[in-house]
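A short write-up of the structure that comes next.
Residue numbers (the numbering used here): 6 to 168.
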C-alpha cells in the first residue's frame, strides 16, 4: 500500500509520540554515578583530618569515617522522597526521622545524624555550604559518628552519619 509521505509522518507522530514524549520530558535524573560516592566520603574525611572552624568553635582533627551502604540507601531514599513530595526537612511528611529511615534501610547502629542540602549541583558546592553552617559542620566533625552514607537526587543532597 502506497501512503503519501505526509500521511506516513502523521501516522508516525500519532503512534510513536506518546511513547517517546514521556521519556523526553522526564525531569528526574538517576542517582549519582557510584564513582562519585568516594568523593563525598573523601571530602568529609579531608575536613575531619585537618580540623576546621564551625561557627566560632575550633574543631580539632578527628578520625575518618567509613562508608556504609545502608546509610547511603537511607540517604538516597530521603533525597528522592524530598524531591518527589516537594519538601525540605529532616522529618518527612509521614513523620519519619533520620534514625527511623536508617533502621528501615537495615542500619543497626544506635546513633544517626543527618545533613541535608538543596539546590547544589556538585559535591564541592554542597560541602562548602555545609562547612559554612555551624550545625552541619559540627555534624561532619562529630567524633560520635564512625560511618557515613550519602546521596543526591535532583539537587537534594543527604548525608547520613551513624555509629
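Ideal placement from N, C-alpha and C gives every residue a C-beta, glycine not left out.
Taking all protein chains shown into account, do 16 or more other C-beta atoms lie within 10 angstroms of the C-beta of residue i, making it buried, or fewer, making it exposed?
i	result
residue 91	exposed
residue 5	The requested residue 5 does not occur in the structure, where the chain is confined to residues 6 to 168.
residue 48	buried
residue 165	buried
residue 55	exposed
residue 96	exposed
residue 156	buried
residue 74	exposed
residue 27	Residue confidence is low: residue 27 scores 36 on pLDDT, short of 50, so the model does not pin down where it sits. Its coordinate-derived value is still stated next. Per the 10 Å Cβ criterion, exposed.
residue 140	exposed
residue 111	exposed
For the putative contact between residue i and residue j, defined by C-beta atoms under 8 Å, what is the C-beta separation to the nearest angstrom?
i	j	result
residue 160	residue 126	6 Å
residue 51	residue 136	That pair is no contact at about 11 Å.
residue 118	residue 150	6 Å
residue 66	residue 163	In fact, because the Cβ distance is near 25 Å, the residues do not count as touching under 8 Å.
residue 153	residue 64	Actually they are not in contact, since the Cβ atoms of residue 153 and residue 64 sit about 16 Å apart, beyond 8 Å.
residue 122	residue 167	About 18 Å separates the two Cβ atoms, so there is no contact after all.
Can you tell me the Cα-Cα spacing of residue i and residue j, whole angstroms?
i	j	result
residue 71	residue 82	20 Å
residue 88	residue 100	16 Å
residue 44	residue 98	30 Å
residue 57	residue 77	25 Å
Could you tell me which of the options sits nearest to residue i, measuring between CA atoms?
i	options	result
residue 104	80, 156, 56, 57	80
Tell me which residue opens and which closes the beta strand (DSSP E) that residue i is part of.
i	result
residue 147	Note, residue 147: premise wrong, no beta strand (DSSP E); not H, not E.
residue 155	152-158
Can you tell me where the alpha helix (DSSP H) holding residue i begins and where it ends?
i	result
residue 176	This structure does not reach residue 176, given that the chain is present from 6 up to 168, and the question cannot be answered.
residue 121	First-last for residue 121: 117-123, but that is the beta strand (DSSP E), not the alpha helix (DSSP H).
residue 129	128-137
residue 173	One cannot answer for residue 173 here, as it falls past the ends of the chain, which runs 6 to 168.
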